[in-house]
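Novice: Pasting a structure below so you can have a look.
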Amino acid sequence: MSKRRFTLLPEFVTRHVLFAMAFGGVAGIGFMVFLIEFDHHTSTESFCTTCHSMEISAEAYRESSHYQPESGVRASCGDCHVSPGVFAATWDHFIGSKDLFNQIFGPDYDDPVINALHLPEAAFSAREWFRKNDSRTCRRCHAQEAIVGKRADTLAIHQEETDGKTCVDCHINLVHRKVPEQATFKREAWNRMIEKEFGLEPGKADELLAE
Amino acid sequence: MRSLIRFLPIALLLGAGSAWGAKVTLSPDNWGDPAGEECVSCHAKSSAGITKQWKDSAHAEAGVNCMDCHRAQADDPDAITHEGATIATVVSPKDCGRCHTVEEEEQRGSVHAEAVSVIAERMPAMVNNVAGAAIEAAGCAQCHGSTVKLKADGELDASTWPNSGIGRINPDGSRGSCSSCHGRHRFSKAQARAPAACVRCHSGPDSPDKEVFEASKHGMAFVAGRDDMNLDSEHWIAGKDYDAAPTCATCHMGAAGKLPATHDVGMRNAWNLNTPVSERQHLIVFGDGGKRELPESIKAPGRGSKMPKLDGSEGEVKMVATPQRRRQAMTLVCRECHGKNFAEAFMQQFDDVVELYNDKFGKPAQAIMRELYSQKKLTATPFDEPIEFTYWELWHDEGARARHGAAMASPNHAWWEGMYVVGRNFYARFLPQVREVAGESADELIARHLDDATGHEWLKAPNQRSPILGVGNAQVGNE
Numbered sequence: 010m011s012k013r014r015f016t017l018l019p020e021f022v023t024r025h026v027l028f029a030m031a032f033g034g035v036a037g038i039g040f041m042v043f044l045i046e047f048d049h050h051t052s053t054e055s056f057c058t059t060c061h062s063m064e065i066s067a068e069a070y071r072e073s074s075h076y077q078p079e080s081g082v083r084a085s086c087g088d089c090h091v092s093p094g095v096f097a098a099t100w101d102h103f104i105g106s107k108d109l110f111n112q113i114f115g116p117d118y119d120d121p122v123i124n125a126l127h128l129p130e131a132a133f134s135a136r137e138w139f140r141k142n143d144s145r146t147c148r149r150c151h152a153q154e155a156i157v158g159k160r161a162d163t164l165a166i167h168q169e170e171t172d173g174k175t176c177v178d179c180h181i182n183l184v185h186r187k188v189p190e191q192a193t194f195k196r197e198a199w200n201r202m203i204e205k206e207f208g209l210e211p212g213k214a215d216e217l218l219a220e
Numbered sequence: 018m019r020s021l022i023r024f025l026p027i028a029l030l031l032g033a034g035s036a037w038g039a040k041v042t043l044s045p046d047n048w049g050d051p052a053g054e055e056c057v058s059c060h061a062k063s064s065a066g067i068t069k070q071w072k073d074s075a076h077a078e079a080g081v082n083c084m085d086c087h088r089a090q091a092d093d094p095d096a097i098t099h100e101g102a103t104i105a106t107v108v109s110p111k112d113c114g115r116c117h118t119v120e121e122e123e124q125r126g127s128v129h130a131e132a133v134s135v136i137a138e139r140m141p142a143m144v145n146n147v148a149g150a151a152i153e154a155a156g157c158a159q160c161h162g163s164t165v166k167l168k169a170d171g172e173l174d175a176s177t178w179p180n181s182g183i184g185r186i187n188p189d190g191s192r193g194s195c196s197s198c199h200g201r202h203r204f205s206k207a208q209a210r211a212p213a214a215c216v217r218c219h220s221g222p223d224s225p226d227k228e229v230f231e232a233s234k235h236g237m238a239f240v241a242g243r244d245d246m247n248l249d250s251e252h253w254i255a256g257k258d259y260d261a262a263p264t265c266a267t268c269h270m271g272a273a274g275k276l277p278a279t280h281d282v283g284m285r286n287a288w289n290l291n292t293p294v295s296e297r298q299h300l301i302v303f304g305d306g307g308k309r310e311l312p313e314s315i316k317a318p319g320r321g322s323k324m325p326k327l328d329g330s331e332g333e334v335k336m337v338a339t340p341q342r343r344r345q346a347m348t349l350v351c352r353e354c355h356g357k358n359f360a361e362a363f364m365q366q367f368d369d370v371v372e373l374y375n376d377k378f379g380k381p382a383q384a385i386m387r388e389l390y391s392q393k394k395l396t397a398t399p400f401d402e403p404i405e406f407t408y409w410e411l412w413h414d415e416g417a418r419a420r421h422g423a424a425m426a427s428p429n430h431a432w433w434e435g436m437y438v439v440g441r442n443f444y445a446r447f448l449p450q451v452r453e454v455a456g457e458s459a460d461e462l463i464a465r466h467l468d469d470a471t472g473h474e475w476l477k478a479p480n481q482r483s484p485i486l487g488v489g490n491a492q493v494g495n496e
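If you read the sequences in order, they're chains P and S.
Residue numbering for the first sequence follows my numbering, starting at 10 and increasing by one per position.
Residue numbering for the second sequence follows my numbering, starting at 18 and increasing by one per position.
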């Protein structure tokens, strides 16, 4: 006589195995739910701006059309900066943890001057990320074939003039403080601009960057 | 007597060596940048207007595309990245001069290219006192030119751009804006030859050249004969390619007979007319192509000698055009249609008006103002006293109108809009205000300066009768 009550199951599926499977299943679902929730919460504006440095970036964002569009469809931090899909999103957060590391051990990004001085490199790296993934977070909301726009030929431009191009090749400086493209960026001029903006002595920006 | 020998240096000075403006001598290999062809397809959609203008232009016909003019090096101060290409929005005379070398050289140092420096001393009084910073971008700089700046964030500074002022100081250091007259992106010769090309700046109370020209016989003839003006012609030699009328460009820049065309627009002007007192001016041409004017009362430097340029640096004098030679060049244009005596007598009428303005109003008013300042009857701060507006308008507005009116044969502007208003200002505003400001010493001050001048004796004859003002025997009707 066998102790097995579920004779339809193969023999090796003992009660312990069943328990383990059930537990594993629930734990797996729980883990996925956790990841989804984690990705979700760590993509929100309120989470991102718990770091003061991100609050500085958010100020410009709140003036932008992505924060207050006519449609009312608001894009929050993660909608643009975290890839769609739970695995890709989790990976982005994993990679993004270097930002946390830098926030703690790197320059004092909470200082608006330091923040502004380092902003261009942050912008360049963000743009590179968009380029590499073919602006996939833009495409989360914007369907290229449906960009009609307000001007006469916006649709045609997006259909006929975009071979080999990705959104961010043309559309930069939409949300955050304006930064030139890397190829024509001039550190010298940027530093002088920041010094003027914050009332610093000429040359102070270079000192701060060197620290 | 003006001999051919005296004329020759003018031809050399004005010097393209061709009678109709220079042809581009550069090999076509230098333009038609393949990168530029990509721009066109998208810009035909994103900015259809300018793309169409370019497509209709001689540039397009010759294969000159967007990148030929807008290309930049990454380290240029105004370089930006646009759709992967490194470009500059602002196209400067230096850019145009890559192909149009002669025109660029001629306009360099011209009164047009130096339009910012000629008002540098006036700007603070106007912008800081009379108006405010906003007027500089929208007013002054739109004619004289801005100092264009690209901000470190990659945007052109809105207080300096858009701008096509003729003396614009460009990020590459060059001065001028070809598109001021040759509107972008059509760059039409015909447009620049028509009087309308000059209207944006040469109109209004202080340099009403549009109004003066329109009210002159030349302006009337232009309107009537516009269809015969051949404005699109490749060569545009007065008397040969057209004879219906002269335009601004004809007299100030155009080819006429053996006189070559020039892009130095002030070259043929013997007088400065937009000053408190006019004086005939030498034109000094430096070895590097720079130029400056020098009043006739100062002895002209010899060839090869050194003298300071407008920017303060020292230059070597390459050539001096005396006021007489400059006048002679201008008169050559007249001579394509008018006889010698006609042209010279016309110039005499013009010179007489300038001298009348100078001697009767400009010089005494200037001397009185100087004395009021030196006696501390007026503060040094400009425009904080009503008389300062009065004096400013006397020479800058009505005084300039009278002189321009006479220069270009508009009787209305020479007299009613010009010298009449000068006289009214002088007698009915300026002198009464001098009396207020100078107090007890006013009568002595005025008498001294008016006695030195000519034309004020009538003030000492209080019993002259004037039917037009209702004193004396007015006649009824026109008999």
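Think of the CB as a built atom: it goes at the ideal place given N, C-alpha and C, for glycine as much as any other residue.
Note that the structure is predicted; figures quoted are calculated from it, not measured.
Counting pairs of beta carbons, one from the segment 72-88 of chain P and one from the segment 43-61 of chain P, are three or more of them closer than 8 Å?
Specialist: yes
Novice: Among the candidates S52(P), A152(P), I123(P), P129(P), whose CA atom is the shortest distance from the CA of G94(P)?
Specialist: Your numbering for residue 94(P) matches position 85 in the first sequence. Among S52(P), A152(P), I123(P), P129(P), the Cα nearest to that of G94(P) is on S52(P).
Novice: Let's see if you can read the secondary structure: which residues bound the beta strand (DSSP E) around K316(S)?
Specialist: Residue mapping note: residue 316(S) aligns to position 299 of the second sequence, counting from 1. Looking at the DSSP string, K316(S) is not in any beta strand (DSSP E), and its letter there is neither H nor E.
Novice: Would you tell me roughly how many angstroms separate the C-alpha atoms of Q153(P) and F139(P), rounded to the nearest one?
Specialist: Working through the first sequence from its first residue, we reach residue 153(P) at position 144. Working through the first sequence from its first residue, we reach residue 139(P) at position 130. Taking the straight line joining both Cα atoms gives about 15 Å.
Novice: Looking at the C-beta of K380(S), does it have a partner C-beta in chain P at a distance below 8 Å?
Specialist: Locating residue 380(S) in the second sequence gives position 363, where the first residue counts as 1. Chain P, which has no Cβ nearer than 8 Å to the Cβ of K380(S), makes this no.
Novice: For C56(S), return the contacting residues in chain P, with the cut-off set at a CB-CB distance below 8 Å.
Specialist: Counting from 1 along the second sequence, the entry for residue 56(S) is found at position 39. Correct list: empty, because the minimum Cβ distance to chain P is about 10 Å.
Novice: Rounded to the nearest angstrom, what separates E20(P) and F96(P) at their Cα positions?
Specialist: Walking along the first sequence from the start, residue 20(P) turns up at place 11. Walking along the first sequence from the start, residue 96(P) turns up at place 87. Cα-Cα distance, rounded: 35 Å.
Novice: Determine the burial state of L43(S): buried for a count of at least 16 other Cβ atoms within 10 Å of its Cβ, exposed for fewer.
Specialist: Position 26 of the second sequence, counting from 1, holds the residue named residue 43(S). L43(S) should be labelled exposed.
Novice: Please state if the CB of A169(S) and the CB of K195(P) are separated by a distance shorter than 8 Å.
Specialist: Within the first sequence, numbered from 1, the residue matching residue 195(P) stands at position 186. Within the second sequence, numbered from 1, the residue matching residue 169(S) stands at position 152. Yes, these two residues count as a Cβ contact at 8 Å.
Novice: Taking Cβ-Cβ distances shorter than 9 Å, what residues in chain S pair up with R201(P)?
Specialist: The sequence position of residue 201(P) within the first sequence is 192, counting from 1. Among the residues of chain S, those whose CB is under 9 Å from the CB of R201(P) are A169, following chain order.
Novice: For E54(P), decide whether its Cβ has a neighbour in chain S, counting only Cβ atoms nearer than 8 Å.
Specialist: For the purposes of this step, residue 54(P) is taken as the residue at position 45 of the first sequence. Chain S, which has no Cβ nearer than 8 Å to the Cβ of E54(P), makes this no.
Novice: Residues in its own chain within less than 8 Å of S483(S) by CB, not counting five upstream and five downstream?
Specialist: Taking the second sequence and counting its residues from 1, one reaches residue 483(S) at position 466. Answer for S483(S): G489, listed in chain order.
Novice: By Cβ distance below 6 Å, which residues in the same chain neighbour V81(S) in space, the five residues on each side in sequence not counted?
Specialist: Reading the second sequence from its first residue, position 64 is the one you call residue 81(S). So the list reads W48, once near-sequence residues are dropped.
Novice: Quick one, which residues of the segment 161-174 of chain P are near chain S if we go by CB-CB under 7 Å, in chain order?
Specialist: Answer set for the segment 161-174 of chain P: D162, A165, I166, E170.
Novice: Strictly below 7 Å CB to CB, what residues from chain S border D178(P)?
Specialist: Along the first sequence, one-based indexing puts residue 178(P) at 169. Listed along the chain, the chain S residues whose CB falls inside 7 Å of the CB of D178(P) are E100, G101.
Novice: What are the residues in the segment 61-90 of chain S lying within 9 Å of chain P by C-beta distance?
Specialist: A61, K62, S63, A65, A89
Novice: Just to confirm, are I45(P) and A125(P) a CB contact at a threshold of 8 Å?
Specialist: On the first sequence, residue 45(P) is found 36 positions in, with the first residue counted as 1. On the first sequence, residue 125(P) is found 116 positions in, with the first residue counted as 1. Not in contact: I45(P) and A125(P) (Cβ atoms no closer than 8 Å).
Novice: Kindly indicate which three-state DSSP category A150(S) falls into: helix, strand or coil?
Specialist: By 1-based counting over the second sequence, the position of residue 150(S) is 133. It is helical.
Novice: Between the Cα of G271(S) and the Cα atoms of L290(S), N289(S), W288(S), E251(S), which residue gives the shortest distance?
Specialist: On the second sequence, residue 271(S) is found 254 positions in, with the first residue counted as 1. Comparing Cα-Cα distances from G271(S) to each of L290(S), N289(S), W288(S), E251(S), the minimum goes to E251(S).
Novice: Among W199(P), R186(P), E170(P), A198(P), whose alpha-carbon lies nearest the alpha-carbon of S63(S)?
Specialist: By one-based count along the second sequence, residue 63(S) stands at place 46. With distances taken between Cα atoms, S63(S) lies closest to E170(P).
Novice: Closer than 8 Å is the cut-off here; do at least three beta carbon pairs connect the segment 438-457 of chain S with the segment 391-408 of chain S?
Specialist: A contact is defined here as three or more CB-CB pairs under 8 Å, and the segment 438-457 of chain S meets this definition with respect to the segment 391-408 of chain S.
Novice: Could you tell me which whole alpha helix (DSSP H) segments of length 4 or greater appear in the segment 310-392 of chain S?
Specialist: Taking only runs of at least 4 residues, the alpha helix (DSSP H) segments lying wholly in the segment 310-392 of chain S are 340-351, 357-373, 380-391.
Novice: I'd like the list of long-range same chain contacts for N286(S), defined as Cβ closer than 7 Å, with 5 residues on each side in sequence excluded.
Specialist: Counted from its first residue, the second sequence places residue 286(S) at position 269. Excluding positions up to five away in sequence, the list reads R343.
Novice: Give me the chain P residues within the contact set of I97(S), using Cβ-Cβ distance strictly less than 8 Å, ordered along the chain.
Specialist: In the second sequence, counting from the first residue as 1, residue 97(S) sits at position 80. Neighbours of I97(S) on chain P, chain order: P189, E190, T193.
Novice: Under three-state DSSP, which class holds H75(P)?
Specialist: On the first sequence, residue 75(P) is found 66 positions in, with the first residue counted as 1. Three-state DSSP puts H75(P) in coil, outside helix and strand.
Novice: Could you check what DSSP says for V22(P) in three-state terms: helix, strand or coil?
Specialist: Taking the first sequence and counting its residues from 1, one reaches residue 22(P) at position 13. V22(P) falls in the coil class under three-state DSSP.
Novice: Look at the alpha carbon of A28(S) and the alpha carbon of G332(S), and state the distance between them as a whole number of angstroms.
Specialist: Looking up residue 28(S) in the second sequence gives position 11. Looking up residue 332(S) in the second sequence gives position 315. Annotation note: pLDDT 47 at A28(S) (below 50); position unreliable, no value reported.
Novice: Give me the Cα-Cα distance between A52(S) and V240(S), rounded to the nearest whole angstrom.
Specialist: As a first step, residue 52(S) is located in the second sequence; it is residue number 35 there, counting from the start. As a first step, residue 240(S) is located in the second sequence; it is residue number 223 there, counting from the start. Going by C-alpha positions, A52(S) is about 44 Å away from V240(S).
Novice: Round the Cβ separation of S233(S) and S427(S) to the nearest angstrom and send it over; I've been treating them as touching at under 8 Å.
Specialist: For the purposes of this step, residue 233(S) is identified with residue 216 of the second sequence, where counting begins at 1. For the purposes of this step, residue 427(S) is identified with residue 410 of the second sequence, where counting begins at 1. With 8 Å as the limit, S233(S) and S427(S) qualify as a contact, their Cβ atoms being about 5 Å apart.
Novice: From the beta carbon of E310(S), is the nearest beta carbon of chain P less than 8 Å away?
Specialist: Residue mapping note: residue 310(S) aligns to position 293 of the second sequence, counting from 1. With 8 Å as the cut-off, E310(S) does not count as an interface residue toward chain P.
Novice: Tell me which same chain residues have a C-beta within less than 7 Å of the C-beta of H25(P), skipping the five on either side of it?
Specialist: Your numbering for residue 25(P) matches position 16 in the first sequence. Once the five neighbours on either side are set aside, H25(P) has no close Cβ partner at all.
Novice: From which residue to which residue does the beta strand (DSSP E) around G99(S) run?
Specialist: The sequence position of residue 99(S) within the second sequence is 82, counting from 1. The sequence shown places His at residue 99(S), rather than the Gly named in the question. Taken as a continuous stretch (DSSP letters only), the beta strand (DSSP E) holding H99(S) covers 97-99.
Novice: Could you give the DSSP three-state label for A125(P): helix, strand or coil?
Specialist: Counting from 1 along the first sequence, the entry for residue 125(P) is found at position 116. Looking at A125(P) - three-state DSSP - the assignment turns out to be helix.
Novice: Does DSSP put R297(S) in a helix, in a strand, or in coil?
Specialist: By 1-based counting over the second sequence, the position of residue 297(S) is 280. R297(S) falls in the strand class under three-state DSSP.
Novice: Where does Y259(S) sit, in a helix, a strand or coil, going by DSSP?
Specialist: For this step, residue 259(S) is matched to residue 242 along the second sequence. Strand.
Novice: Can you grab the Cα-Cα spacing for the pair G34(S) / D226(S), in whole Å?
Specialist: Your numbering for residue 34(S) matches position 17 in the second sequence. Your numbering for residue 226(S) matches position 209 in the second sequence. Per-residue confidence for G34(S) stands at a pLDDT of 42, beneath the threshold of 50, marking its modelled position as unreliable; no derived number is given.
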